[in-house]
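> Take this structure, written in structure tokens, and hold onto it; I'll ask about it next.
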Amino acid sequence: MAEQRVQWFKFASPPNFYDLAGRLAPWFGGLAAILFVVGLYIGFILAPPDYQQGNSYRIMFIHVPTAWMSMFLYVLMAVYAAIGLIWRVKTAEVMAKAIAPTGAMFAFLCLWSGALWGKPTWGTYWVWDARLTSQLILLFLYLGYMALHAAIEDRQRAANASAILALAGVVNVPIIYFSVVWWNTLHQGASITVTSAPTMETVMFVALLVMTFACWMYAIAVVLWRARLELLERERRAAWVLERTGEKA
Amino acid sequence: MNGLATALITLLRRDLILALRRRQDALVVLGFFVVVVSLFPLGVGPDPQLLRSMAPGVLWVSALLATMLSLERLFSDDFRDGSLEQILLSPQPLSLLVGSKILAHWLITGLPLVLISPLLGMQLGLDGTEILILMTALLLGTPILSLVGAIGAALTLGLRGGGVLISLLILPLYVPALVLGAGAVDAVMYGSSAQAHLSLMAALLILTLLLAPWAIAAALRIMLD
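The listed protein sequences derive, respectively, from chains V and C. Just so we're aligned, residue 1 is where the first sequence starts under my numbering, counting upward by one. Just so we're aligned, residue 250 is where the second sequence starts under my numbering, counting upward by one.
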């Protein structure tokens with residue numbers, strides 16, 4: 001127990017984190033690439049067409065993992081932001097900032113693939129469906145977080161201020177979700193459900209699972225790499241940075 | 250305790266006096282609200298049925314935008330003349346002092362919106378009960394707008410282009426209030442009861458009252474650090 005604790009603290013220190021992230025990120029990246037290829041192969045070639053939607057349902061293999069990722073990353077970002085705010089852990093602050101663009105990208109991809117999926121199934125690119133709308137608001141929350149981070153010049157202050165925003169956002173996300181669901185059922189009957197087939201075939205499920213893991217690995221790789229660069233920039237005058245960049249030059 | 254009460258009342262009175270001396274600030278917000286609502290019929294056409302069905306949404310979105318407009322000044326004047334630092338240095342709990350400032354802000358900008366809303370509701374063709382529900386919903390909702398908006402105002406304190414940034418930060422967080430507020434009026438319009446919406450709005454107000462002052466105080470401390 002004591003050993004584990006020591007290790008956690010060890011990797012919270014910027015130089016150790018920098019080295020570890022540098023070593024881990026390529027592995028996660030490679031794993032993501034392999035899983036994407038495997039997942040897309042299963043999803044696009046092995047899985048049979050849906051009896052109702054034909055081939056268009058295959059967008060699900062992009063759409064659903066990105067939706068999950070965008071929501072989960074927001075919570076993760078808020079957790080890191082809270083750790084940074086409460087215990088003043090610099091690495092956590094950097095991680096929170098590094099997660100935001102990836103989360104926003106997933107939210108955007110989810111909306112885009114949802115629109116492309118909506119055209120053949122619902123006959124329109126955009127429906128004011130509860131899930132679509134709350135996903136759109138999630139994208140706005142990500143954008144607000146990044147805009148606030150970018151607007152404040154002092155890095156420490158930027159990290160703390162956006163941490164407050166992330167926490168305010170994460171308290172609000174469930175409330176927003178339920179209010180939007182309620183709004184939706186009030187204005188129009190819940191006629192559209194995203195799941196078309198009541199039960200999923202095993203192949204489809206496997207493809208979905210593999211794609212989700214691929215997205216995870218991609219997110220970890222990119223976030224670690226971005227956090228690494230952010231640390232370098234933040235600590236550019238620290239001895240450990242000069243040591244490491246000096247070696248390369 | 251006595252010292253705290255004195256501090257809160259003093260701060261409230263000071264903000265109200267300042268607002269009275271500069272009436273145009275509050276009146277501009279009210280004017281904005283009226284003008285925006287009055288522009289909608291010109292944009293969508295004079296069809297009374299259409300206007301009536303759009304009225305709850307139009308009134309609520311306009312109230313949201315009017316509140317946004319007033320937020321930038323919530324802390325910035327005090328920040329510029331240094332009195333915000335004095336407030337931060339005071340021995341009283343900052344979250345309560347901030348609550349006092351927000352109460353003043355609501356009395357100056359939120360309450361007038363509630364009071365003028367029946368007129369605008371009639372303009373858009375709402376009838377008696379609907380207007381009553383609209384006012385109740387606004388009465389419960391505008392404090393939420395002030396409280397949540399104050400978080401954004403504190404976080405953008407002293408930033409260039411803070412006013413535009415506030416809207417990006419805060420408008421997504423206004424969604425629940427908008428949905429419940431407009432939904433309450435919609436509910437009576439379609440013949441059902443608005444009680445569920447109003448109860449949830451009140452619950453949201455209580456939750457916001459509990460959490461927002463803490464977040465605002467933390468944000469102010471960060472931005473004035």
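Yeah, the Cβ is synthetic: ideal placement off N, Cα and C, and Gly gets one too.
Do three or more CB pairs link the region 29 to 40 of chain V to the region 218 to 227 of chain V at distances below 8 Å?
yes
> Just how far apart, CA to CA, sit serine 191 of chain V and leucine 165 of chain V?
Counting from 1 along the first sequence, the entry for residue 191 of chain V is found at position 191. Counting from 1 along the first sequence, the entry for residue 165 of chain V is found at position 165. Low local confidence applies: a pLDDT of 45 at serine 191 of chain V is under 50, so the model's placement there is unreliable, and no value is given.
> Between the alpha carbons of leucine 35 of chain V and isoleucine 382 of chain C, how many angstroms are there, rounded?
Stepping through the first sequence from its first residue, residue 35 of chain V is reached at position 35. Stepping through the second sequence from its first residue, residue 382 of chain C is reached at position 133. About 55 Å.
> By the 7 Å beta-carbon criterion, what residues does the region 130 to 156 of chain V contribute toward chain C?
Ile137, Phe140, Leu141, Leu143, Gly144, Ala147, Leu148, Ala151, Ile152
> Can you give the Cα-Cα distance for leucine 132 of chain V and valine 75 of chain V, rounded to whole angstroms?
On the first sequence, position 132 is the one that residue 132 of chain V refers to. On the first sequence, position 75 is the one that residue 75 of chain V refers to. Taking C-alpha positions only, leucine 132 of chain V is separated from valine 75 of chain V by approximately 18 Å.
> Expressed to the nearest angstrom, what Euclidean distance is found between the alpha-carbon atoms of proline 462 of chain C and serine 344 of chain C?
The residue given as residue 462 of chain C occupies position 213 in the second sequence. The residue given as residue 344 of chain C occupies position 95 in the second sequence. When rounded, the distance between both Cα atoms is 5 Å.
> So, does the CB of valine 424 of chain C fall closer than 8 Å to a CB anywhere in chain V?
Your numbering for residue 424 of chain C matches position 175 in the second sequence. True, the Cβ-Cβ gap to chain V drops below 8 Å.
> I'd like to know whether the C-beta of isoleucine 455 of chain C is nearer than 8 Å to at least one C-beta of chain V.
Locating residue 455 of chain C in the second sequence gives position 206, where the first residue counts as 1. Closer than 8 Å: no.
> Does glycine 296 of chain C come out as helix, strand or coil in the three-state DSSP assignment?
Walking along the second sequence from the start, residue 296 of chain C turns up at place 47. It is worth fixing the name first, because residue 296 of chain C is aspartate in this sequence and not glycine. Of the three classes helix, strand and coil, the one that applies to aspartate 296 of chain C here is coil, per DSSP.
> With which residues is aspartate 326 of chain C paired in a DSSP beta bridge?
Sequence index remark: in the second sequence, residue 326 of chain C carries index 77 (1-based). Per DSSP, none; premise fails for aspartate 326 of chain C.
> Rounded to whole angstroms, what is the Cα-Cα separation between glycine 374 of chain C and asparagine 55 of chain V?
In the second sequence, counting from the first residue as 1, residue 374 of chain C sits at position 125. In the first sequence, counting from the first residue as 1, residue 55 of chain V sits at position 55. Distance between the alpha carbons of glycine 374 of chain C and asparagine 55 of chain V: 49 Å.
> Please report the residue range of the alpha helix (DSSP H) in which serine 366 of chain C lies.
Counting from one through the second sequence, the residue named residue 366 of chain C turns up at place 117. Looking at the DSSP string, the run of the alpha helix (DSSP H) that includes serine 366 of chain C is 360 to 372.
> Just how far apart, CA to CA, sit methionine 95 of chain V and methionine 438 of chain C?
Walking along the first sequence from the start, residue 95 of chain V turns up at place 95. Walking along the second sequence from the start, residue 438 of chain C turns up at place 189. About 48 Å.
> Closer than 9 Å, Cβ to any Cβ of chain C: which residues of the region 173 to 186 of chain V, in chain order?
Of all residues in the region 173 to 186 of chain V, Ile175, Ile176, Phe178, Ser179, Val180, Trp182, Trp183, Leu186 have a Cβ within less than 9 Å of some Cβ in chain C.
> Spell out whether any CB of chain C is found under 8 Å from the CB atom of alanine 168 of chain V.
Your numbering for residue 168 of chain V matches position 168 in the first sequence. It does; some Cβ of chain C falls within 8 Å.
> Compare the C-beta of valine 307 of chain C with all C-beta atoms of chain V and state if any pair is closer than 8 Å.
Counting from 1 along the second sequence, the entry for residue 307 of chain C is found at position 58. With 8 Å as the cut-off, valine 307 of chain C does not count as an interface residue toward chain V.
> Strictly by DSSP, which residues pair up with aspartate 50 of chain V?
Numbered from its first residue, the first sequence carries residue 50 of chain V at position 50. Beta-bridge pairing links aspartate 50 of chain V to V:Gly54.
> Quick check on DSSP: helix, strand or coil for glutamine 341 of chain C?
Counting from 1 along the second sequence, the entry for residue 341 of chain C is found at position 92. Three-state result, glutamine 341 of chain C: coil.
> Look up threonine 259 of chain C in the DSSP assignment and say whether it is helix, strand or coil.
Taking the second sequence and counting its residues from 1, the one referred to as residue 259 of chain C is at position 10. Helix.
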